[in-house]
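J.:
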Amino acid sequence: MRLKQTAPTLILPQALQGLVSAITRAQSLEELSAALQTLPEKCNMNNVVYYFAGSGKAFLNPDGFTCTTYPREWQERYYNQNYLLIDPVVQRGLHNGLPFEWRDLKIEKGTQAYSMLMEGLDYSLGNAALSIPLLGTDGSRGLFAIT
C-alpha cells in the first residue's frame, strides 16, 4: 500500500492569514514596510521585495518606494550602479501582467543583466524566486518578489 505524498506547504495558512491582515491594515508606508519585513522569517523565505514604480512613463524611477529584506550592501550597490535600469526582473515585471519565476527569464551570458544577477548571488539574494507584477486602478505599477 502506497501512502499519498503531499507537497510541503511553502507558507502555513495561519502565517499567510496574519500577514495578509497586517498588510491590508497598514495605513502608511512605514506600517506596510514593517509588515513585509516579517514575511521571510514567518514564511520560510530568504527575501521579499516590494517596489512601487508609480504611474506614467517614468516607471523606472530609482526613487520609487522600495521595501526589501535584501542586505543593505546590495541595496546600496543596486542603487549606486543604477541596476534598476538593466534589471531583467524589473523590466519584465513592469511590462507584463503575469507572475513569473526568475529561472524563466531569457538572459544571455556576458550581458550587464546577467552580470548583475550573478553578482546578486554573492549577496545571498537567492536564486529561486517568484515575481508578481502589480497594477493599480490608476495605472500605477509595482512589483512584488519573494526568494
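Here my numbering is used: the first residue of the sequence shown is 7, the next is one more, and so on.
Don't be surprised by glycine CBs; every beta carbon is placed ideally from N, CA and C.
Considering only DSSP beta bridges, list what G60 is partnered with.
T.: As a working mapping, residue 60 is identified with position 54 in the sequence shown. R147, per the DSSP bridge assignment.
J.: What does a CB cutoff of less than 8 Å around T12 pick up in its chain, not counting 5 residues either side in sequence?
T.: Working through the sequence shown from its first residue, we reach residue 12 at position 6. With a pLDDT of only 44 at T12, under 50, the local geometry of the prediction cannot be trusted, and the value read off the model is given with reservation. Within the same chain, T12 has no close Cβ partners at all.
J.: Could you check which residue in N88, Y85, E107, Q87 has the C-alpha nearest to that of V95?
T.: The residue you call residue 95 lines up with position 89 of the sequence shown. Out of N88, Y85, E107, Q87, E107 has the C-alpha closest to the C-alpha of V95.
J.: Would you call V54 buried or exposed, if buried means 16 or more other Cβ atoms sit within 10 Å of its Cβ?
T.: Residue 54 sits at position 48 when you count from the first residue of the sequence shown. With 16 or more other Cβ atoms within 10 Å, it is buried.
J.: How big is the Cα-Cα spacing for Q118 and Y57?
T.: Along the sequence shown, one-based indexing puts residue 118 at 112. Along the sequence shown, one-based indexing puts residue 57 at 51. C-alpha separation (whole angstroms): 21 Å.
J.: Tell me which residues share the same chain as T72 and place their Cβ nearer than 6 Å to its Cβ, disregarding the 5 neighbours each side in the sequence.
T.: Walking along the sequence shown from the start, residue 72 turns up at place 66. Here the set comprises Y57.
J.: Let me know if G103 comes out buried or exposed under the rule of 16 or more other beta-carbons within 10 Å of its beta-carbon.
T.: Here residue 103 is taken as the residue at index 97 of the sequence shown, counted from 1. Per the 10 Å Cβ criterion, exposed.
J.: Counting C-beta neighbours from all protein chains within 10 Å, is the total for R78 16 or more, i.e. buried, or is it exposed?
T.: Taking the sequence shown and counting its residues from 1, one reaches residue 78 at position 72. Looking at its Cβ environment, which holds fewer than 16 other Cβ atoms inside 10 Å, R78 is exposed.
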